[in-house]
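Colleague: Handing you a structure now.
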Amino acid sequence: MDYSAYPRNDVLCIDMRSFYASVEAVKLGLDPMKTLLAVVGDPNRSGSIVLAASPALKQKHGISNVSRFFELPNDPKIHIVSAHMADYLHVSVEITKLINQYVPKEAIHPYSVDEVWVTVNGLEKLFGDRWQVARKIQQDILDSFGITSAIGIGDNKFLAKVVMDLHAKKADSGIVECHYEDVEEKLWPFPVEVIWGIGSRMKHNLNRMGIITLGQIARFKLDHLKKRFGIMGEQLYWHAWGIDLSPVFGDFTKTEQKGFGHGISLLRDYSKEEVAICILDLCEEVCRRARGANMTGKTIHLGIGYSQETGGGFSRSKSIAIPTNVTMDMHEVCMQLFQKFYDGESDIRRVYVTLDNLFEKGETQLDLFEDRSKKNDIGYVMDAIRNKYGSNAILRASSYTDAGITLERSKKIGGHKA
0 MDYSAYPRND VLCIDMRSFY ASVEAVKLGL DPMKTLLAVV GDPNRSGSIV
50 LAASPALKQK HGISNVSRFF ELPNDPKIHI VSAHMADYLH VSVEITKLIN
100 QYVPKEAIHP YSVDEVWVTV NGLEKLFGDR WQVARKIQQD ILDSFGITSA
150 IGIGDNKFLA KVVMDLHAKK ADSGIVECHY EDVEEKLWPF PVEVIWGIGS
200 RMKHNLNRMG IITLGQIARF KLDHLKKRFG IMGEQLYWHA WGIDLSPVFG
250 DFTKTEQKGF GHGISLLRDY SKEEVAICIL DLCEEVCRRA RGANMTGKTI
300 HLGIGYSQET GGGFSRSKSI AIPTNVTMDM HEVCMQLFQK FYDGESDIRR
350 VYVTLDNLFE KGETQLDLFE DRSKKNDIGY VMDAIRNKYG SNAILRASSY
400 TDAGITLERS KKIGGHKA
């Protein structure tokens, strides 16, 4: 592969090691890398997920971020703490501010609360080459927050991310570099499932084609990959050669809104009567967000997952003639879908609603049979009250019932305790 035509940038991918667990360990005055510590979503539920395990806990007991609370061994040395999402978001923002001391905001691309890409082009005179910049940022994060980080350095975002995942997290220094020319040595031997961007379904499809490693993707014919997987096949091929043309500078916080969605995994099984209230609360939140963006939507989607004993569920959508962001309009369509596709017996454990096929809100179309203008105004008035006095300042009466979800969710961030 001739790489001369492809851009070379100085990109860092920085990952905060066991971020949630590290923050909690520091709060307790403990060493994040040596302490046995588990961050649990809800310690009052034995089936609650372990959101983060400290490196020492992972190594000693094999606990991972998909383990359950009841799987933790009976070891008195293990510190079990509840999740505090607000703390993690605060530390994440402060780390971003620290990085902003090295580079402008347009060179910082947050990928998640604990991972960020940083483009460090042109910093040689101020801080040294990209290795020196990486070491300085890594040390600053450790000194300022007590958190250890792993850093991948690459000619583009893909290389920085993958070399961080595959090599930097295991390296003593926590920093590993990958140029285009290093791809064959550092990436090709690895199985496809460990490569960022390849999920279980794609792994299965590739394995059926006799493709086990990233190197085999690189040596596969591009035309065959495109024919089998479309644009995704083309992306797989170029990534296998370490090529990624995604921008390394820009305003990465602004993205085009494709739709508004809201869902929940319920803490208990819901009956068909109770789920109508849950759906209403979800529609309220989706439409509130749509109104806040001055958008309406024509396609309404409802997803239902049955309890573990039953399994299965359904996912259906319906388009309406007039775009809407009115809660009761959306709820009515969702209930039509529910009544049509629900099996009539199964308990329900997961619910998801979306509003998409978006349009900018225009003038309200009049209707001879209902006051559409009044229905629109009610939603905006409720939003104004919530914006001024808090999200729980005004709720529908059904939200206060046992089946309502709004009150409990208001105490959480990302589905976990704030």
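Quick note on numbering that gives the first Met the number 0: the sequence shown kicks off at 0 and runs consecutively. Heads up, the beta-carbon is just placed ideally off N, CA and C, and yes, glycines get one too. Please read these numbers as outputs of a predicted model, since none were measured by experiment.
1. Using the DSSP secondary-structure output, state which residues sit across from residue 31 in a beta bridge.
2. Which full runs of the beta strand (DSSP E) of 3+ residues lie inside the segment 303–346, going along the chain?
3. Using the rule of at least 16 other Cβ atoms within 10 Å of the residue's Cβ for burial, across every protein chain shown, is residue 281 buried or exposed?
4. Compute the Euclidean distance between the alpha carbons of residue 275 and residue 322, then round it to the nearest angstrom.
5. Run through the segment 83–167 for me and flag every whole alpha helix (DSSP H) of 4 or more residues, listed as ranges in chain order.
6. Which same chain residues, not among the five before or five after residue 367, have their C-beta less than 6 Å away from its C-beta?
7. Buried or exposed for residue 384, please, with buried defined as at least 16 other CB atoms from any protein chain shown within 10 angstroms of its CB.
8. Which residue comes first and which comes last in the alpha helix (DSSP H) that contains residue 267?
9. Where residue 134 and residue 290 are concerned, what is the direct C-alpha to C-alpha distance, given to the nearest angstrom?
10. Can you name, in chain order, every residue of its own chain whose Cβ lies under 6 Å from the Cβ of residue 114, other than the five neighbours on each side?
11. Using a 10 Å radius around the Cβ and a threshold of 16 neighbouring Cβ atoms, would you call residue 116 buried or exposed?
12. Pop quiz: residue 296 and residue 357 are said to be a contact at Cβ under 8 Å. What is the actual Cβ separation, rounded to whole angstroms?
13. Rounded to whole angstroms, what's the CA-CA distance from residue 311 to residue 301? Just pull it up for me.
14. Touching or not, the segment 340–349 and the segment 265–274, by the rule of three or more beta carbon pairs under 8 Å?
15. Residues in its own chain within less than 8 Å of residue 197 by CB, not counting five upstream and five downstream?
16. Whose C-alpha, out of 342, 29, 139 and 130, is nearest the C-alpha of residue 159?
17. Throw me the rounded Cβ distance for the residue 25 and residue 173 pair, which I believe falls under 8 Å.
18. What are the residues that DSSP puts in a beta bridge with residue 358?
19. Secondary structure at residue 72, three-state DSSP: helix, strand or coil?
20. Span of the beta strand (DSSP E) holding residue 15?
21. Can you list, in chain order, the residues of its chain whose CB lies under 6 Å from that of residue 60, leaving out five sequence neighbours each side?
22. By DSSP's criteria, residue 36 is part of a beta bridge. Which residues make up the other side?
23. Short of 6 Å in beta carbon distance, which residues of its chain neighbour residue 313, apart from the five on each side in sequence? Order them along the chain.
24. Using a 10 Å radius around the Cβ and a threshold of 16 neighbouring Cβ atoms, would you call residue 287 buried or exposed?
25. Exposed or buried, residue 55, counting other C-beta atoms within 10 Å across all chains shown (16 or more means buried)?
26. Would the beta-carbon of residue 233 fall within 8 Å of that of residue 244?
Modeller: With the given structure in hand:
1. Bridge partners of residue 31: none, in fact.
2. Here the runs fully enclosed are 312–323.
3. Using a 10 angstroms sphere on the CB of residue 281, the tally of other CB atoms reaches 16 or more, which defines it as buried.
4. Within the model, the alpha-carbon separation for residue 275 versus residue 322 is close to 22 Å.
5. DSSP runs (the alpha helix (DSSP H)) wholly in the segment 83–167: 84–98, 123–126, 129–144 and 156–162.
6. Since pLDDT at residue 367 reaches only 49, below the 50 mark, its modelled position is unreliable, and no value is offered.
7. Counting the other Cβ atoms within 10 Å of the Cβ of residue 384 gives fewer than 16, which makes it exposed.
8. Where residue 267 is concerned, there is no enclosing alpha helix (DSSP H), although the beta strand (DSSP E) it sits in stretches over 258–269.
9. Whole-angstrom Cα-Cα distance: 45 Å.
10. Closer than 6 Å at the Cβ level, and outside the excluded window around residue 114, lie 14.
11. Per the 10 Å Cβ criterion, buried.
12. Yes, residue 296 and residue 357 are in contact; Cβ-Cβ is about 5 Å, under 8 Å.
13. Rounded to the nearest whole angstrom, the C-alpha separation of residue 311 and residue 301 is 14 Å.
14. When C-beta atoms of the segment 340–349 are compared with those of the segment 265–274, three or more pairs fall below 8 Å, so the two segments count as touching.
15. Exclusion of the five residues before and after residue 197 leaves 191, 205 and 235 as the residues of its chain whose Cβ lies within less than 8 Å of its Cβ.
16. If we check each option's Cα against that of residue 159, 130 comes out closest.
17. Contact doesn't hold; Cβ gap of about 17 Å is too wide.
18. When beta bridges are read from the DSSP output, residue 358 appears opposite 295.
19. Three-state result, residue 72: coil.
20. For residue 15, the uninterrupted beta strand (DSSP E) segment begins and ends at 10–15.
21. In the same chain as residue 60, and ignoring 5 residues on each side of it, the C-beta atoms closer than 6 Å to its own belong to 72, in chain order.
22. Paired residue(s): 78.
23. Counting only Cβ-Cβ distances below 6 Å, and skipping sequence neighbours, we find 303 and 340.
24. Using a 10 angstroms sphere on the CB of residue 287, the tally of other CB atoms reaches 16 or more, which defines it as buried.
25. Result: buried.
26. Not in contact: residue 233 and residue 244 (Cβ atoms no closer than 8 Å).
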